[in-house]
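Keeping their order, the protein sequence lines are chains A and B.
At the far end of the first sequence sits residue 352, using this note's numbering, and the numbering has no gaps.
At the far end of the second sequence sits residue 596, using this note's numbering, and the numbering has no gaps.
For glycine and all other residues, C-beta sits at the position ideal for the given N, C-alpha and C.
Keep in mind it's a predicted model, so treat the numbers as computed, not measured.
To start, the structure itself, in structure tokens.
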Amino acid sequence: MTYIAKPKFHHPGLKKNELGYTHRDYEGKISTLCAGCGHDSITASIIEACYELSIEPHRVAKISGIGCSSKTPDYFLGNSHGFNSVHGRMPSVLTGANLANRDLIYLGVSGDGDSASIGFGQFAHSIRRGVNMTYIVENNGVYGLTKGQFSATADRGSKSKKGVTNTDNAIDLVAIALQLGATFVARSFSGDKSQLVPLIAAAIGHRGASFIDVISPCIAFNNHAGSTKSFDYVREHNDAVNRLDVLVGRDPIAVEYAPGTVQVVEQHDGSKIALRKIDADYDPHDRLGAQTFLQKHAAKGQIVTGLLYVDPDAEDLHTHLNTVETPLNTLEADTLCPGSAALDKFNASLR
Amino acid sequence: MKPTDIAAPDYFHKVVDCQWACPAHTPVPEYIRLIAQGRYSDAYMINWKSNVFPGILGRTCDRPCEPACRRGRVEETPVAICRLKRVAADFKDDIRQRLPRPSPKNGKRVAFVGGGPASLTVARDLAPLGYHCTVFDGDPEAGGMMRTQIPKFRLPNSVIDEETGYILGLGVEFKGGHRIESMKALLAEKYDAIFVGSGAPRGRELDVPGRKEAAANIHIGIDWLSSVSFGHIDKIGRRVIVLGGGNTAMDCCRTARRLGGADVKVIVRSGFEEMKASPWEKEDAIHEDIPILNYMVPVAFKHVAGKLIGVTFQHVKAEYDAKGRRNLVPSGDPDQTIPCDDVLVAVGQENAFPWIEQDCGIEFDKWHMPKVDPKTFVSTNPKVFFGGDAAFGPKNIIWAVAQGHDAALSIHKMLSGDDITERPLPEVHISSQKMGIHEWSYDNDISNDKRFKVPHRDKVIALKDIRTEVELGYDVKLALGEAERCLNCDVQTVFSTSLCIECDACVDICPMDCITFTQNGEEDDLRQRLKAPSPHPDQDLYVSSDLKTGRVMVKDEDVCLHCGLCAERCPTGAWDMQKYFIEMTHAGSTCPTKSRSAA
């Protein structure tokens, strides 16, 4: 663990975003995770994505549970709202917060233990309800804080650091999220920021349940030969279906694409995602196709990454519940409690 | 780009900007760390070995190191390297036991013309090797221009006495009051080698109308300073004009303020920014209520009955031609006469060798300067060497010292029968600074402090006595604060390609965005693709060999804080913080096997 604070000095030529912030302004405290932890790269990617989108830090709520991954919100967006909840309960706390104030950007940060074991039910229900959030699982396949036992996402046949082979079947959170109706589903790798940063940026722009499973090697307990979540294994078996460029309206990216290789997806907030196809046959709007593609490649031992499914016309929980546009937490007492006359009228309508 | 060859001593030497910029290549961060630890004597000895006059230079150096200091690229101001050198000199214990012992004579005799910094450096290097060194100087005491031209309120005699004394104490024979008038006669004395360190002793004249008629009140700056230094002059008129914009002009005006000059002005041809004087010397002059007037060219001395009454100036402005060269052209404003009682002319210095005869085997060029090899400092007479201002015209003390070391090496090599053009590489000691998982043997917690000001004596008191030193120097607490500002650039980030697993931890943690993992390419192309802009192409890129993914690690050395966080966050130890102690090889060092050609 690093004891000194990260020096305040920054590169004198750092670019500033629309708000006049550098990416350093989106940092939090210095990480207390093990040196080289994949989670720190995800932290850096979230910082980069928020910087690029010129997000006002006070417009973000970062919510997490328990575990190495759930510590990370302390290391980014030091000026944002945060809630470090009970183990596995991040999705419920996030859902509640979102209901109370629909105007914030919700970042749910969780791990494979937090989301695939103790909080599996919570995860499922928040996705199923279409809570408008960006749900990031920092997936390393082990319980790092308790010294490297297999987690529920560890692949069958994968070897532990001590040489024990995993005999349980793995939960594929991406497959579950697709099945539960998530409207933005992606998988990425902490060692590939060029893929991960735009995915996070696109997920933030998506209105609905966005889910990103990020494979994040545990340097201390899951980066050895025989592990299926090590840097080397993931790099060897990574099968990216597409690459993204997020085009925020004000800043059109002047990249020439060969015709037919790019698919543009318009988001609710007006931003556009340019999807550069790597696998020509892959259609990110086909939920069933995505599920099949995923299973087929998993059977071959390949890790499918990229934007796997997106529904540009998604609806979120507030739409389903038909709540008012005004965040509930700002409604005044006279709106919330319109008086006995209004109550009488309402009761009368039910008689 | 090819992988960086970090085994070449110059690569990491260049990263230590201050040391690279210093003509004598003093290991600056090393001595600053020692000051922070309170080891002032050790800090002094590192300086003494490298630049010979730490106490003198700590007050007077032109500080080429400070504009180079990395701290100046990271925040506003560089580390006060020069004044920290003075701290080492001020707070050291008695270091005489650490000086070399006079050794048995080797039978070789070397004569020195002039007893200034260049000669004394050569003598310091040669005397411990057994050479019989004889230093001739026209003045009664050693020190040359350090003693005669630098005012005592900047450099007290006690400091000069101490540091010249260390050298003369090595068994160097000093013949004061003995001016060499003939090179031929000196050659006839059959010395094995002669070193000429006679400086640039002649102040340049200002030949405008009235110069002769008003001569009684027009003084040549360096001669006047020298007379003041020896006590021959102790007063000046109330209204004084100093002509010239260099450091000598600054010394003249401040000296005049102390000798009765109540209304002292510095008047300069060029603009304020282009003046040759160091910024801090201009600041000190202005602080003593001396106005600096720019773009004014003296055209005549006004006099009445042989008495100077003023100087007439033409106003000019700067114009730049197509090639960017500056020309001063009349601005059209009417000429202005400024009344005064005395004028000090400090418009430059020249070399003068009237005492070197034509047939000594020493050739001169068309500017009447001796033909001297810039690496070995030998003249066209293989036994005669030049150094300091005498070799290449007026510079400053630290250059004289650097050239002195090189000349001493040449003399030693020549008299040992070696090829003087073979120059030894610097000595490099490398050691990892890792003490524990996240502990380093240097303080890697970067200080956010701004540069600390050196306390000055109250102006009223300082102006009363010409021998009262103005600067008080840092106290221990201020020195510690200033020393902590040093970024330890000699503790290098060393990368091992084979250990890297490309986890990006170093990229994520680096506060300065120095590190990028990307596809290799040509330098110009790579510099475009770095994580942060790369505005200083003179700062090297550190490039690894190919990594597993086919990418390379590229580190822009430009603004690296040497905080070691890359190494702290590296899970495999691919980054390590290693101290490179780089020291120039002087005459008589146990010789490294490698060497490079002087050509």
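Using the C-alpha atoms, what's the distance from residue j back to residue i?
{"i": "residue 39 of chain A", "j": "residue 269 of chain A", "result": "31 Å"}
{"i": "residue 334 of chain A", "j": "residue 341 of chain A", "result": "13 Å"}
{"i": "residue 217 of chain B", "j": "residue 68 of chain B", "result": "40 Å"}
{"i": "residue 431 of chain B", "j": "residue 8 of chain A", "result": "20 Å"}
{"i": "residue 283 of chain A", "j": "residue 76 of chain B", "result": "58 Å"}
{"i": "residue 336 of chain B", "j": "residue 202 of chain B", "result": "21 Å"}
{"i": "residue 42 of chain A", "j": "residue 507 of chain B", "result": "12 Å"}
{"i": "residue 70 of chain B", "j": "residue 389 of chain B", "result": "31 Å"}
{"i": "residue 375 of chain B", "j": "residue 360 of chain B", "result": "11 Å"}
{"i": "residue 53 of chain B", "j": "residue 144 of chain B", "result": "10 Å"}
{"i": "residue 112 of chain A", "j": "residue 345 of chain A", "result": "49 Å"}
{"i": "residue 367 of chain B", "j": "residue 19 of chain B", "result": "25 Å"}
{"i": "residue 255 of chain A", "j": "residue 116 of chain A", "result": "With a pLDDT of only 48 at residue 255 of chain A, under the threshold of 50, the placement of this residue in the model should not be trusted, and no figure is reported."}
{"i": "residue 98 of chain B", "j": "residue 125 of chain B", "result": "7 Å"}
{"i": "residue 247 of chain A", "j": "residue 204 of chain A", "result": "10 Å"}
{"i": "residue 233 of chain A", "j": "residue 496 of chain B", "result": "13 Å"}
{"i": "residue 558 of chain B", "j": "residue 574 of chain B", "result": "12 Å"}
{"i": "residue 561 of chain B", "j": "residue 441 of chain B", "result": "7 Å"}
For residue i, does the three-state DSSP call read helix, strand or coil?
{"i": "residue 17 of chain B", "result": "helix"}
{"i": "residue 310 of chain A", "result": "strand"}
{"i": "residue 128 of chain A", "result": "helix"}
{"i": "residue 251 of chain A", "result": "The pLDDT assigned to residue 251 of chain A is 49, lower than 50, so where the model puts this residue is not dependable; a value taken from the coordinates is nonetheless given after this. Looking at residue 251 of chain A - three-state DSSP - the assignment turns out to be coil, as it is neither helix nor strand."}
{"i": "residue 428 of chain B", "result": "strand"}
{"i": "residue 72 of chain A", "result": "helix"}
{"i": "residue 404 of chain B", "result": "helix"}
{"i": "residue 289 of chain B", "result": "strand"}
{"i": "residue 95 of chain B", "result": "helix"}
{"i": "residue 275 of chain A", "result": "strand"}
{"i": "residue 44 of chain B", "result": "helix"}
{"i": "residue 530 of chain B", "result": "coil"}
{"i": "residue 65 of chain A", "result": "strand"}
{"i": "residue 596 of chain B", "result": "Caution is warranted here: a pLDDT of 48 is assigned to residue 596 of chain B, below 50, making its placement in the model unreliable, and the coordinate value is therefore given only provisionally. Note: residue 596 of chain B maps to coil in three-state DSSP."}
{"i": "residue 295 of chain B", "result": "strand"}
{"i": "residue 141 of chain A", "result": "coil"}
{"i": "residue 10 of chain B", "result": "helix"}
{"i": "residue 34 of chain A", "result": "coil"}
{"i": "residue 346 of chain A", "result": "helix"}
{"i": "residue 5 of chain A", "result": "coil"}
{"i": "residue 580 of chain B", "result": "strand"}
Thinking just about the alpha-carbon of each residue, which of the options is nearest to the one in residue i?
{"i": "residue 576 of chain B", "options": "B/297, B/437, B/342", "result": "B/437"}
{"i": "residue 313 of chain B", "options": "B/96, B/104, B/6, B/324", "result": "B/324"}
{"i": "residue 349 of chain B", "options": "B/586, B/193, B/232, B/492", "result": "B/193"}
{"i": "residue 161 of chain A", "options": "A/170, A/146, A/142", "result": "A/142"}
{"i": "residue 381 of chain B", "options": "B/63, B/189, B/29", "result": "B/189"}
{"i": "residue 225 of chain B", "options": "B/308, B/150, B/22", "result": "B/150"}
{"i": "residue 384 of chain B", "options": "B/51, B/35, B/112", "result": "B/112"}
{"i": "residue 122 of chain B", "options": "B/230, B/134, B/146, B/166", "result": "B/166"}
{"i": "residue 286 of chain A", "options": "A/264, A/246, A/296, A/120", "result": "A/264"}
{"i": "residue 289 of chain B", "options": "B/303, B/260, B/304, B/300", "result": "B/260"}
{"i": "residue 214 of chain B", "options": "B/413, B/498, B/342, B/543", "result": "B/342"}
{"i": "residue 331 of chain A", "options": "A/36, A/90, A/100", "result": "A/100"}
{"i": "residue 582 of chain B", "options": "B/354, B/457, B/400", "result": "B/400"}
{"i": "residue 317 of chain B", "options": "B/405, B/311, B/420, B/326", "result": "B/326"}
Exposed or buried, which one is residue i when buried takes at least 16 other CB atoms within 10 Å?
{"i": "residue 482 of chain B", "result": "buried"}
{"i": "residue 20 of chain A", "result": "exposed"}
{"i": "residue 49 of chain B", "result": "buried"}
{"i": "residue 554 of chain B", "result": "buried"}
{"i": "residue 207 of chain A", "result": "buried"}
{"i": "residue 434 of chain B", "result": "exposed"}
{"i": "residue -1 of chain B", "result": "exposed"}
{"i": "residue 596 of chain B", "result": "For residue 596 of chain B, the predicted model reports a pLDDT of 48, less than 50, meaning its position is unreliable; a value from the coordinates is still stated below. By the 10 Å Cβ count, residue 596 of chain B comes out exposed."}
{"i": "residue 2 of chain A", "result": "exposed"}
Task: Unbroken stretches of the beta strand (DSSP E), 3 residues or longer, contained in the region 182 to 261 of chain B - done: Listed in chain order, the complete beta strand (DSSP E) runs (minimum 3 residues) inside the region 182 to 261 of chain B are 190 to 193, 215 to 217, 236 to 240.
Task: Within the region 348 to 399 of chain B, ranges of the alpha helix (DSSP H) (whole runs, at least 4 residues) - done: The region 348 to 399 of chain B contains these whole alpha helix (DSSP H) runs: 386 to 389.
Task: Start-end ranges of the alpha helix (DSSP H) lying completely within the region 444 to 531 of chain B, minimum 4 residues - done: Counting only runs of 4 or more, we get 456 to 459, 473 to 481, 502 to 506, 520 to 525.
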